[in-house]
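*Asks:*
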Amino acid sequence: MKKIFFLNSTLNVGGAEKMIYEIVKRLDSSKFTSRILCFYGPGKIGKKLIFEGADLKHSIIKNKYDLLSICRFFNLIKEECPDILCLESSPLVLFWGLICGRLAGVPGIVTFVHSMKMSGFWTGLKTYIVERIVLSKLDRIAVASNAKLESLKRA
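Take the sequence shown: its letters are residues 291 to 445, numbered as in our numbering.
Quick look at the structure:
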């Protein structure tokens, strides 16, 4: 049985969050087990998943500078040995998910990129780093549109 972990910052209402909800609900439980990890609170969709019996752990970190909690997250990944780590496409989740997943020996690390529209110098720099460095180190990337695919090809 394959073990899939979904890592998100939170599961508030949005397109990517609804997609995760549908994937988790539709996974063939005879072939896959799933666990959802949220760095912060569960959010509206996360609460719904908890109510419906999904395996969801939330409030893993206090803030993006909480390195002690990142170490605990690494230990969780190392101990539970998922086969696939599916990362939300936010810079924080991609950065720490990739580092911890690789160090823990996760065989497959993937993401679904729906959008990364950020403006401003620092947020633009984060997007540049994610698109040029982090995404290139993942095993698979799924995109929501041809436009996003073309922008990643140019990056």
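Glycine is no exception: its CB is placed at the ideal position from the N, C-alpha and C atoms. Remember, predicted model here, so these are calculated numbers, not experimental data.
#1: Strictly by DSSP, which residues pair up with residue 367?
#2: Apply the 10 Å Cβ neighbour rule to residue 355 and answer buried if 16 or more other Cβ atoms are within range, or exposed otherwise.
#3: Based on the DSSP output, what are the partners of residue 328 in its beta bridges?
#4: Using 8 Å for Cβ pairs, my map puts residue 328 next to residue 359. What's the rounded Cβ distance?
#5: Counting pairs of beta carbons, one from the stretch 379-398 and one from the stretch 308-320, are three or more of them closer than 8 Å?
#6: Taking the DSSP output, what are the residues bridged to residue 323?
*Replies:* In terms of the structure at hand:
#1: Looking at the DSSP assignment, residue 367 forms no beta bridge with any residue, so it has no partner.
#2: exposed
#3: 298
#4: Residue 328 to residue 359, Cβ: 12 Å. No contact.
#5: Taking 8 Å as the limit for Cβ pairs, the verdict is that the stretch 308-320 does not touch the stretch 379-398.
#6: 293
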